[in-house]
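Enquirer: Residue numbering for the sequence shown follows our numbering, beginning at 187 and increasing consecutively.
Even glycine gets a Cβ: it sits at the ideal position worked out from N, Cα and C.
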Amino acid sequence: MIFPTTLSIITNAFPDRRQRAAALGGWGAVVGVGVASGPVSGGLLLEHFYWGSVFWALVPVALVAAVLGFLLVPESRDPSVPALDIRGLTTSVALLGVLVYTIIEAPERGWRSTATLLGFAIAVGLAVVFVALERAAEHPMLDVRLFTDRRFSAASASVTVTFFALSGFIFLITQYFQVIREYSPLSTAPASCRSHCRSRSAR
187 MIFPTTLSII
197 TNAFPDRRQR
207 AAALGGWGAV
217 VGVGVASGPV
227 SGGLLLEHFY
237 WGSVFWALVP
247 VALVAAVLGF
257 LLVPESRDPS
267 VPALDIRGLT
277 TSVALLGVLV
287 YTIIEAPERG
297 WRSTATLLGF
307 AIAVGLAVVF
317 VALERAAEHP
327 MLDVRLFTDR
337 RFSAASASVT
347 VTFFALSGFI
357 FLITQYFQVI
367 REYSPLSTAP
377 ASCRSHCRSR
387 SAR
């Protein structure tokens, strides 16, 4: 959600192509700094504080960003914005909530347990309801007809698989260093970054 939001802000704030190119370059640099410094700062917090500190540490950053955004980002509201798709929004929240909760609890309850299978069945049912609601809505939150375009579907699938693989790699490499190699959270951060850089250079 952050990537498209910030990119749309840049597009609106910098109509000149040269200024926009410079802004996109700065945006990319900040993203790179965040990718490099995020694991280290998170490891530092976990080394000396409890796990919730990684979330509380973002509160002042978010407040500063909100104030600066309010003061510096120009208004870009669409005067003909359609009404909010309440039914689609509610159904999607319920769908994701049930699905994520089921996946989190499945290792403890068992992947073939009644509760897990029931959770997945409810998620599938909510997905069917969500598609039906979006197809019938005049201004859908997600136009599911876009997925009939093969190019759009292929691009969406490739991005989804990429982020699933990246998230899986980050999770497994972190568990490997902390559980198997018995690294501390702070020592895990640079070790994970080195492994990630090696995997990218080997492509």
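Pull up the distance between the alpha-carbon of Phe241 and that of Val347, whole angstroms please.
Expert: Taking the straight line from one Cα to the other gives about 27 Å.
Enquirer: Give a yes or no on whether the C-beta atoms belonging to Ile188 and Ala209 are separated by under 9 Å.
Expert: no
Enquirer: Write down the C-beta distance between Val226 and Ala375 rounded to the nearest angstrom, noting that I regard them as a contact closer than 8 Å.
Expert: 5 Å
Enquirer: Assuming Gly296 contacts Thr288 under a Cβ cut-off of 8 Å, what Cβ separation, rounded to an integer in Å, is found between them?
Expert: The Cβ separation is near 12 Å, so there is no contact.
Enquirer: For the region 204-278, list the alpha helix (DSSP H) runs that are entirely contained and at least 4 residues long, ordered along the chain.
Expert: 239-242 and 244-258
Enquirer: Measuring alpha carbon to alpha carbon, tell me which residue in Gly305, Ala322 and Thr277 is nearest Ala313.
Expert: Thr277
Enquirer: What does the Cβ neighbour count give for Glu324, buried or exposed, with the cut at 16 atoms within 10 Å?
Expert: exposed
Enquirer: To the nearest angstrom, report how far apart Ala215 and Ala307 are at their CA atoms.
Expert: Straight-line Cα distance between these residues: approximately 43 Å.
Enquirer: By DSSP, does Pro326 sit in helix, in strand, or in coil?
Expert: coil
Enquirer: For Gly274 versus Glu320, is the C-beta distance shorter than 9 Å?
Expert: yes
Enquirer: Could you tell me if Val221 is buried or exposed, where buried requires 16 or more neighbouring beta carbons within 10 angstroms of its beta carbon?
Expert: exposed
Enquirer: Could you check what DSSP says for Phe200 in three-state terms: helix, strand or coil?
Expert: Correct three-state label for Phe200: coil.
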